[in-house]
Amino acid sequence: MPKNKKPAGGRPSQNFDPRYAKKRAGGPFRGNDGGARGPRRDEGAGRYDRADRPARDGDRRFDRTERPRYDRADRPARDGDRRFDRTERPRYDRTERPARDGERRFDRDQRPSRDGERRFDRTERPRYDRAERPARDGERRYDRPARPARDGERPFGRDDRPRYDRNERPRFSREGERRSFDRDERPARAERPRAEGERRWEERRQERPVRTQAAEDRIDVVHERLEAQAVQADEVSEMTFADLGLGDNIVRALAALGAEKPFPIQASTAASIIDGRDVLARGRTGSGKTIAFGAPLVEKVLRAKAGVKRDFGRAPVALIMAPTRELALQIDRTVQALARSVGLFTTQVYGGVPQGRQVGALKKGVDIVIGTPGRIGDLHRQGKLDLSQVSVSVLDEADHMCELGFLEPVQEILRQTAEGGQKLLFSATLDREVAALVDEFLVAPQVYEVAGETQETGTIEHRILVVEHRSKPEILDQLVAREGKTLVFTRTRAYAEMLAEQFDDAGVDAISLHGDLNQAKRTRNIDRFSKGRARVLVATDVAARGIHVDDVDLVIQADAPDEYKTYLHRAGRTGRAGRTGRVVTLIPRQRRRRMTEMLERAEIEAPFDDVRPGDDLLDELAGAPTVADLTA
DNA sequence: AAAAAAC
């Protein structure tokens, strides 16, 4: 029973909801962060706000957000227009000029020190050492418990490594340099007779030992458990959300979100989560993972808080982490709705926006924090986010969060949460990669996947188009000239930007999404695509995972992905929640073999077709996919 | 090699 009877509206966290903040933060500015530093409307509550009053007749209102910022540098120089470029002017250095006659130059260090004069000498000052200062009241110091070294583990310390000596390094020499390579002289690889003992790239790759045997064994245990706990979809098909142990308010909130009946992954994991078990769960893209962890998480936090007053400034007890800001925002939209229904509060903590708002929300007190690792770690280090009370941590896209660059910050954050806290790891491609986290943080995890949930039973049609490199732009133009929503993936940010412009020039409403855009623009663009105001979104892999946009019926991979997991996630932006979708991947001729291997790993069947601009097949593929296409 | 994630 929620202690807090106050309705959710009018409570502080509304101010931190990006949907409300959007108008203020947004703006088609180039190269700044969307004017987010301006005065905030919610700061002086009750102040008269002109924008809030309905417009009077003939009332002209100036809307800052609609006017593009004037950028002098963007305008071509007019004739005789002199532009000053700071970088080109050499710095004026007084000391380099010869002293003029009779000029006295003052050099402090040369002059004998005057009586009683204190001179500052860096070397005399003792170094400030945090560890030597007695801990302040309530200050928590992180001290990693000394743990015996694991087998084969090298303790960290630079001293045992021999110093790098420049002079011992063999000299670089151009002698005996390889003859320059001539493309045309060499026969194509397939035809070229194999030299004696030659192993080709694919074979070499297969032979390469990837991990030590110990690591392999440990990982296999995880993998086997994954297989062992598969839940049959029909076993749980009769369940309702109430049967799973969720309270009335949450069940009603779920219905309002359009979730009337639990999907298999939701039905199978809920009981374990509410029980407080550690959970690993794999569920196909679009199978409802957010609700699968979100609803039981809210239920659990609610039970833990039963009878406890919601104190001002209370520390969060649950943490959800995601790999991108957009995904964190999207998760919050679902979890916040569930949490509010029972009087709990959530806040988002992610980068690219000023901290103030997030810190303000934390100061008031929240129960569930949702965000990305960078800012969460940052606020924690600044002492603005107390993680010590977090007893449930969720990692969405867990395998991705274990990749290079993500793993360490994630580990560091999890180490700051309450000892023995519950951990939930979710992903559509949950695999051995999560072993690093499982080993350190999970205790006897329950592992779930839904039996029979394979790509073959999915609702997505896959096609591979083999194209000439030079005809790629035209082919893409032909594919995106269509009615439905199209999501185009590229490998780089620059190409995403370029394609969006190309489509725009061709008269197709296209926008981009990638890490070179400021957060205001990112949020605005994905919002425009969701609402259908732009029918084509060209994105990097920032949009590959987890992002849900209704009714995307065509995914185009302008660049093929490098990894089968990336293929599955990108493809999973369509065909969600049982709807049909189509994925078209463009590859150059020489990539056929690699593509075939990738599809095998992903367990996807897809026909290959050679296409040229203007081919009827392109128009066909641009049309809406039907169920018949899937069975064909 | 690129993308993501902090200022």
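Start counting the first sequence at 1; every next residue gets the next number (full-length UniProt numbering).
Glycine included, each C-beta is placed from N, C-alpha and C at the ideal position.
| Query | Result |
| --- | --- |
| Could you check which residue in Asp278, Leu385, Gln557 has the C-alpha nearest to that of proline 588? | Gln557 |
| Can you give me the Cβ contacts of proline 409 inside the same chain, cut-off strictly under 7 Å, excluding the 5 residues immediately before and after it? | Pro373, Gly374, Gly377 |
| Does the stretch 429–448 come close enough to the stretch 456–473 to have 3 or more Cβ pairs within less than 8 Å? | no |
| In its own chain, which residues sit with a C-beta less than 8 Å from the C-beta of threonine 540, not counting the 5 before and 5 after it? | Phe489, Thr490, Arg491, Thr492, Arg493, Ala496, Leu513, His514, Gly515 |
| Take the Cβ of histidine 469 as the centre, count every other Cβ of all protein chains shown within 10 Å, and call the residue buried at 16 or more, exposed below. | exposed |
| State the beta-bridge partners of alanine 495 as determined by DSSP. | According to the sequence as given, residue 495 is tyrosine; it is not alanine. BP columns for tyrosine 495 are empty, so no partner. |
| Considering Cα atoms alone, identify which of Pro561, Arg545, Ala306 is closest to aspartate 396. | Arg545 |
| Provide the residue span of the beta strand (DSSP E) that contains lysine 521, from first to last. | Note, lysine 521: premise wrong, no beta strand (DSSP E); alpha helix (DSSP H) at 519–530. |
| Measuring only the C-alpha atoms, how far is leucine 338 from leucine 254? | 7 Å |
| Which of the three DSSP states, helix, strand or coil, is assigned to glutamine 557? | strand |
| Between which two residues does the alpha helix (DSSP H) holding valine 369 run? | Premise fails: valine 369 lies in the beta strand (DSSP E), 368–371, not in any alpha helix (DSSP H). |
| Distance check for valine 342 and alanine 306, CA to CA, integer angstroms please. | 11 Å |
| State yes or no: is the C-beta of residue 674 within less than 8 Å of the C-beta of lysine 485? | The structure shown does not extend to residue 674, since the chain spans only 1 to 632, so no value can be given for it. |
| In whole angstroms, what separates the C-alpha of valine 611 from that of arginine 463? | 12 Å |
| In the structure shown, what three-state DSSP assignment does leucine 385 receive? | coil |
| Looking at the unbroken alpha helix (DSSP H) that takes in alanine 539, where does it start and where does it end? | From DSSP, alanine 539 is part of no alpha helix (DSSP H) but of the beta strand (DSSP E) over 536–539. |
| Do the stretch 326–336 and the stretch 346–356 make contact, defined as three or more Cβ pairs closer than 8 Å? | yes |
| What is the residue span of the alpha helix (DSSP H) that methionine 401 lies within? | 398–401 |
| What three-state label does DSSP hand leucine 329 in the structure shown? | helix |
| Could you tell me whether any non-hydrogen atom of the ligand ZN is closer than 7 Å to the CB of alanine 451? | Summarising the ligand content, the structure contains no ligands, and the ligand ZN is consequently not present. |
| Among the candidates Gly258, Ala318, Ser268, Leu257, whose CA atom is the shortest distance from the CA of glycine 245? | Ser268 |
| Does DSSP put glutamate 453 in a helix, in a strand, or in coil? | coil |
| Let me confirm a value: aspartate 59 is counted as buried when at least 16 other C-beta atoms fall within 10 Å, else exposed. Which label applies? | Residue confidence for aspartate 59 is low, a pLDDT of 44 falling below 50, so the modelled location carries little weight and cannot support an answer. |
| Could you tell me the alpha carbon to alpha carbon distance between leucine 297 and alanine 270, rounded to whole angstroms? | 9 Å |
| At which residue ranges does the stretch 402–483 contain complete alpha helix (DSSP H) runs of 4 or more residues, listed in the order of the chain? | 407–416, 435–441, 472–480 |
| Looking only at C-alpha atoms, which of Gly452, Val366, Cys402, Ala451 sits nearest to phenylalanine 312? | Val366 |
| When DSSP labels each residue in this structure, what does arginine 592 get in the three-state scheme? | helix |
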